[in-house]
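Notes for the one structure printed next.
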């Protein structure tokens, strides 16, 4: 394994990227598309090497690597290539009457040189997906893969120069000390995926240069299994996400709140599904000795009851999922984000769960299992999290066109789709005033006149009324919702009638769809 990148080589990479961006090279749309397509071939040509590296780093099954990493990157590439022309085009703001006078446009501009620091849990996709967004936006990029997954890190060192333009994309390696030195430099954007403690250092370093950041973190993501839940489905999904990547996922269920009426059955069925999943040697292992010791240490301190556990192996860091019941909120297992295979189950009502969630830092995800819609809405409306999934786990992150990101301690900023493009982009307003505009606004310049104050008045176009009460506002909002729903229904019916009409025409009017409409119009005409 190669040594970390020397300080001299880091400085060379940094200055090269600065020069390249200053040259305007990365702003060319053709160059951006070319680089995105090169990433596709990097994946196509080296899929087996990627799977092999992650097998060595984490004992991860090739299927899991393809599902959680390679497939996600390819999907992102296709979306960005298909949308880049639209996303990068100049936009015309809705400027009203001033639009004619000012001729404004909003131009998406790349922020500049971006630093992307990747994590170890999904070391391949969570470095390449931000890279795809950054290249689509037109940035030059310095990549810092995680040193924890050393084989994947080396793969980046070998493949990035082979496929991408090294004048605009560079890879540097290093541990904590080297990353600290890396952060002393000024970047135009920093994208970090990892833990909260490291994120605090990233944010502090960025603040010195007023550098914008996206921080993709984690949090103690809870699952609430209510009394109305499909317990079998909840057990199956929770067991799956604790098995997937050995629970080393920022979106994994950290702990479960189970209603007393379903807790026993939930644990029984989770045990069943974990036994079903954990056959053979396909399960991903804990990434290193440090995290293995951390997890086993937390498990040894718990005052809960271990309901299910497999045979652990410290040598290979194989740590099968464990279910722990009778867990109190003060238990060691709830003292930090677990990021592993242990699954504590806390007995309590839905309101108990809400109170606990609101007493902890904001989670990246919240999972709710139940069939009572009012109860589900109450959970969502009473809490705040990066995302929510109802009667399922993880799948909310797969929604096309939706943002993925945290809130509070689970991060800030978002990416996926155009949200990633926007995070690396500055929207630059450009106005081209006509001479007529300056003639019409000449009164704005000194010497000022009291008589011209009336020209600065703002009309009450929102129809605000004095002494308007909260009760009246609530009634108005309710009326607005009713009108909006009625218009949506009318629109749907109109489309439906047109569809039936077209079908009728295709069937030589055998359905007789147009006849009642024609008779109605004839009758209406005769009435007048």
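In the numbering used here, the protein residues as written are 7 to 534.
Ideal Cβ placement from N, Cα and C applies to all residues, glycine included.
Note that the structure is a prediction, hence the values are computed from the model and not measured.
Bounds of the alpha helix (DSSP H) holding residue 207 are 202-214. Taken in chain order, the complete alpha helix (DSSP H) segments of 4 residues or longer contained in the region 344-394 are 356-365, 379-388.
Taken atom to atom, the span from the alpha-carbon of residue 389 to that of residue 363 is near 7 Å. Contact between the region 113-128 and the region 428-444 is present, with at least three C-beta pairs closer than 8 Å.
Under the DSSP definition of a beta bridge, residue 150 partners with 123. CA-to-CA, the gap between residue 345 and residue 295 works out to about 14 Å.
Going by DSSP, residue 453 is part of no beta strand (DSSP E) at all; its letter is neither H nor E. Per the coordinates, the alpha-carbon of residue 408 lies some 7 Å from the alpha-carbon of residue 423.
DSSP places residue 396 within a strand segment (E or B) once states are collapsed to three. By the C-beta density criterion, residue 147 is buried, having at least 16 other C-beta atoms within 10 angstroms.
Secondary structure of residue 255 (DSSP, three-state): coil. By the neighbour-count criterion, in which a residue is buried when 16 or more other Cβ atoms sit within 10 angstroms of its Cβ, residue 138 is buried. If you look at residue 433, you'll find it in the beta strand (DSSP E) that goes 431-436. Between residue 223 and residue 29, the CB-CB gap reaches or exceeds 8 Å.
Annotated as distal: residue 143 and residue 194, with beta-carbon spacing of 8 Å or more. Secondary structure of residue 485 (DSSP, three-state): helix.
The region 394-411 and the region 366-382 touch, with three or more beta-carbon pairs separated by less than 8 Å.
Looking at 74, 328, 335, the one whose alpha-carbon comes closest to that of residue 244 is 328. Rounded to whole angstroms, the gap between the alpha carbons of residue 176 and residue 167 is 7 Å.
Residue 19 places its beta carbon 8 Å or farther from that of residue 163. Note that the C-beta distance between residue 26 and residue 174 is below 8 Å. Here the alpha carbons of residue 246 and residue 263 stand approximately 17 Å from one another.
Looking at the DSSP output, residue 417 shares a beta bridge with 222. Beta-carbon to beta-carbon, residue 210 and residue 196 are separated by about 11 Å, too far to satisfy the 8 Å threshold. Of the residues 365, 381, 470, 358, the one whose Cα lies closest to the Cα of residue 391 is 365.
Residue 71 sits in a helix when the DSSP states are folded into three classes. Proximity to residue 58 across 122, 67, 256 peaks at 67, based on C-alpha coordinates. Inclusion of residue 131 and residue 75 in the CB contact set at 8 Å is warranted, their separation being smaller than that value. Taken atom to atom, the span from the alpha-carbon of residue 435 to that of residue 110 is near 7 Å. With 16 or more other Cβ atoms inside 10 Å of its own Cβ, residue 150 counts as buried. Contact check for residue 281 and residue 227: beta-carbon distance about 24 Å, past the 8 Å limit, so the pair fails to qualify. Across the structure, residue 99 and residue 283 are spaced so that their CA atoms are roughly 53 Å apart. Note: residue 100 is not bridge-paired with any residue in the DSSP secondary-structure output. Shortest Cα-Cα distance from residue 136 to any of 411, 233, 11 involves 411. Within the DSSP bridge table, the entry for residue 114 names 433 as partners. CA-CA distance, residue 420 to residue 89, rounds to 18 Å.
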